[in-house]
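Respectively, the protein sequence lines represent chains A and B.
Quick note on this note's numbering: the first sequence kicks off at -18 and runs consecutively.
Quick note on this note's numbering: the second sequence kicks off at 30 and runs consecutively.
All residues carry an ideal CB built from backbone N, CA and C; glycine is no exception.
These notes are about the structure you will find just below.
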Amino acid sequence: MASTERRIPIAGDTDIVEARQAARELARGLGFGMVDQSRIATAVSELTRNVVRYATNSQGTAVIRALPTSTRGVGIEIVVADDGPGIADVALVQQAGYSSGRGLGMGLSGSRRLMDEMEIDSAPGHGTTVTIRKWRR
Amino acid sequence: MRSVRTRPSPSLHNVARIPVIKVGDVLIASVQEELRDRDALELQADLIGTLERTGARGVLIDVSVVATVDSFLGRLLNDIAVGARLMGAVTVVVGIQPAVAITLVELGLELRGVYTASTPEKGLALLRRVSGLVDSPRGSRRW
C-alpha cells in the first residue's frame, strides 16, 4: 500500500469536521464498511474535539494513515496529539462516563469502544497523544 | 508565534445556516451532511427561538444525510428535544442512518428524550399521534 498519510492541524470546530472527513475517506478507500466508517469518523470527532476543548490554545494535530498490511490485515491509524495540560490519571479518564466536568464524559471511553485499539500517552504538563486503530474485518 | 495558523476569513462567513421552516404547527429543519459544533448550537438557538416566536407545537429534524453523529451532536439533539418540550413542543428526529444508529449505541448515547422515525412522513404522523396535532382549520390550534 502506498504510504497514505494526512496531517491535519486542529485548532477549531472546522478542523474537527475536516479530520473526521479525512479519516472517513481513507477508511472508505481501504475498504471499511459503512458502520466502521461511522465508528472511525466518530472516534476522530471525539478525540479532536478534546483537543479543541482542552489543549493549550486549542492547538493540536491529527495524523491519519493506512497501516502496512500485516497479519491483522488492512488497518487505519489515527494519532491525535496536543501540547495541552496532559492527563494525570490515564486509567481514570478511560472509564465509561468519566468526565472532567467540562466535557461530556464520552470522548475517550467512547473512542475506545468504537475502535479496536487505543493508546494514550500523556503526563501532566507534557501534552496528550492518543493513538487509535481499527482493522478491516 | 510560529505555530499560529491563519485561516482565510471567508470560511467563517460561509456558514450554511440550517433553514428552519414552519409548516402548519411544525418546525422543520434539514441538517446538512457535515455540521460544525457552532452550526449545531446555532440550530438549537434558532429552533428554540422560532418556537417562542411562532408557538409551533412540533419540531421535525431530518438527519438523513448526516454521516457522523458524535457525542456532542447526539447530546445536542437530545437537548433540543428537552428544550422544545419545555416550550410545549414535541420533537422527532427522522432519518438516522443505520451506521449512525449502531455508532450511537456503542457510544452509549441512546437519545432517550427524542422521538425518532425513519422518514419525514412517518415523523409527521408520529408528531400528530403523540401530541394530538391535527390538521386544524387555520387560526385554530387544536391538539
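- Item | chain A contact residues for B:S160, given Cβ-Cβ distances below 7 Å | By Cβ distance, chain A contributes nothing, its closest Cβ being about 29 Å from B:S160, past 7 Å.
- Task: Say whether chain B places a C-beta atom closer than 9 Å to the C-beta of A:D97.
- Result: no
- Are the segment 78 to 88 of chain B and the segment 1 to 11 of chain A touching by the rule of at least three beta carbon pairs closer than 8 Å? no
- Query: Thinking C-alpha only, which one of B:E62, B:E63, B:D91 is nearest B:L186?
  - Reply: In the structure as shown, chain B begins at 30 and stops at 172. Residue 186 of chain B is therefore absent and cannot be evaluated.
- Query: Are the Cβ atoms of A:V71 and B:T132 separated by less than 9 Å?
  - Reply: no
- Task: Starting from the beta carbon of B:R65, find every residue of chain A whose beta carbon is closer than 8 Å, and list them in chain order.
- Result: D(-6), T(-5), I(-3), V(-2)
- Message: Cutting at 6 Å between CB atoms, please list the residues of its own chain near B:V94, excluding the five before and the five after it.
- Response: E62
- A:R34 and A:I21 closer than 9 Å at C-beta: no
- Query: Can you find a C-beta in chain A that's less than 9 Å from the C-beta of B:E135?
  - Reply: yes
- Query: Which value, in whole angstroms, describes the spacing of the CA atoms of B:V88 and B:T120?
  - Reply: 5 Å
- Can you tell me which of A:P66, A:E27, A:G54 puts its alpha carbon nearest to the alpha carbon of A:I113? A:E27
- Message: Threshold first: 3 residues or longer. Then list the beta strand (DSSP E) segments lying entirely within the segment 36 to 94 of chain B, N to C.
- Response: 49 to 52, 55 to 59, 87 to 91
- Item | Per DSSP, the bridge partner or partners of A:S39 | Its beta-bridge partners do not exist; DSSP assigns none.
- Query: Where do the ends of the beta strand (DSSP E) carrying A:V60 lie?
  - Reply: 54 to 63
- Query: When we look at the beta-carbon of A:S19 and count the other beta-carbons within 10 Å, is it buried (16 or more) or exposed?
  - Reply: buried
- Task: Apply the 10 Å Cβ neighbour rule to A:R118 and answer buried if 16 or more other Cβ atoms are within range, or exposed otherwise.
- Result: exposed
- Under a CB-based cut-off of 9 Å, is B:S100 close to chain A? yes
- Query: Taking one C-beta from the segment 105 to 116 of chain B and one from the segment 32 to 48 of chain A each time, how about it: are there three or more such pairs within less than 8 Å?
  - Reply: no
- According to a CB-to-CB cut-off of less than 8 Å, which residues of the segment 93 to 126 of chain B neighbour chain A? A96, T97, V98, D99, S100, F101, R104, Q126
- Who are the Cβ neighbours of A:G67 in its own chain at under 7 Å, not counting the five residues just before and after it? S103, A104, P105, G106, H107, G108, T109
- Message: Rounded to the nearest angstrom, what separates A:S39 and A:G(-7) at their Cα positions?
- Response: 7 Å
- I think B:R86 touches B:A118, with their Cβ atoms under 8 Å apart; what is that distance to the nearest whole Å? 5 Å
- Message: Strictly below 8 Å CB to CB, what residues from chain A border B:V129?
- Response: S19
- Query: In chain B, what lies closer than 9 Å to A:E6 by C-beta?
  - Reply: Within 9 Å Cβ-Cβ: nothing; A:E6 doesn't reach chain B, min ~11 Å.
- Item | Backbone CA spacing between B:V159 and A:V61 [nearest angstrom] | 44 Å
- Item | chain A contact residues for B:T145, given Cβ-Cβ distances below 7 Å | Result: empty, since nearest Cβ-Cβ is about 17 Å, beyond 7 Å.
- For chain A, find out if any of its Cβ atoms is closer than 9 Å to the Cβ of B:T132; answer yes or no. yes
- Query: At a Cβ cut of 7 Å, what residues of the segment 27 to 56 of chain A count as close to chain B, listed as they run along the chain?
  - Reply: E27, R30, Q40
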